[in-house]
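Under this note's numbering, the letters of the sequence shown match residues 1 to 140, in that order. The structure under discussion appears below in the form of structure tokens.
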Amino acid sequence: TVVIVIVCGSRDFDDYDLMYDCLRKLPNGVIGVRPSIVRHGAAAGADRIADFLCRRILKLPVEPYPADWKSHDPECRCPAWADYCWRVGWRCNYDMIHAKPDAKPKLVLAFYSGKRTKGTGMMVDMAKHALIPVEEFGLK
1 TVVIVIVCGS RDFDDYDLMY DCLRKLPNGV IGVRPSIVRH GAAAGADRIA
51 DFLCRRILKL PVEPYPADWK SHDPECRCPA WADYCWRVGW RCNYDMIHAK
101 PDAKPKLVLA FYSGKRTKGT GMMVDMAKHA LIPVEEFGLK
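Here is the structure:
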């Protein structure tokens with residue numbers, strides 16, 4: 001069985017120790033097993049820290065879902081002057097949850113630098129709507 005965990009978080013998140021402790025404890029926590037894959041959005045901050053910790057220290061496979069900010073979503077209604085598509089972040093988060101129906105994530109770990117941020121908040125809301133457990137860290 002493939003066990004997928006999504007890691008998301010603030011772009012200014014920088015607490016390596018907190019994230020390491022959370023990832024290291026996953027087998028004994030909510031999901032009860034070692035993740036097979038850790039997905040993230042390949043953004044600065046929490047995503048890149050997760051990538052580093054998983055690849056280099058925890059030896060967990062990662063599956064990055066980078067947002068292509070220069071492309072436009074087929075359903076976007078962005079004005080012609082927009083430098084990037086406003087739906088790309090939403091699409092990236094949606095794909096991390098729903099892109100592979102046979103491999104639904106078992107858990108979302110969200111890391112903040114004090115307050116809820118728009119993109120991470122969106123991922124948390126999508127996950128809860130999809131009935132995926134969410135654990136949030138770093139909120140004040």
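Beta carbons are placed, not taken as given, at the ideal position from N, Cα and C, and that holds for glycine. None of the values given here were measured: they were computed from a predicted structure.
Inset, instruction - From the DSSP output, in three-state form, read off residue 110 for me. - result: strand
Legend entry - Three-pair Cβ contact test at 8 angstroms for the segment 112 to 124 versus the segment 7 to 24: yes
Legend entry - Selection from 39, 52, 89, 60 that minimises the alpha carbon distance to residue 70: 89
Inset, instruction - Could you work out which residue in 34, 140, 46, 126 is closest to residue 61 when comparing CA atoms only? - result: 34
Legend entry - 6 angstroms CB neighbourhood of residue 66 in its chain, flanking five on each side removed: 42
Legend entry - Three-state secondary structure (DSSP) of residue 79: coil
Inset, instruction - Within 10 angstroms of the Cβ of residue 131, are there 16 or more other Cβ atoms? Answer buried if so, exposed if not. - result: exposed
Inset, instruction - Please indicate yes or no: does the CB of residue 89 lie closer than 6 angstroms to some heavy atom of the ligand MN? - result: You won't find the ligand MN in this model; it holds no ligand whatsoever.
Legend entry - Where residue 164 falls: helix, strand or coil (DSSP): Residue numbering for the chain in the displayed model covers 1 to 140; residue 164 lies beyond these limits and cannot be assessed.
Legend entry - Reduced DSSP category for residue 58 - H, G, I as helix; E, B as strand; rest coil: helix
Legend entry - Reduced DSSP category for residue 66 - H, G, I as helix; E, B as strand; rest coil: coil
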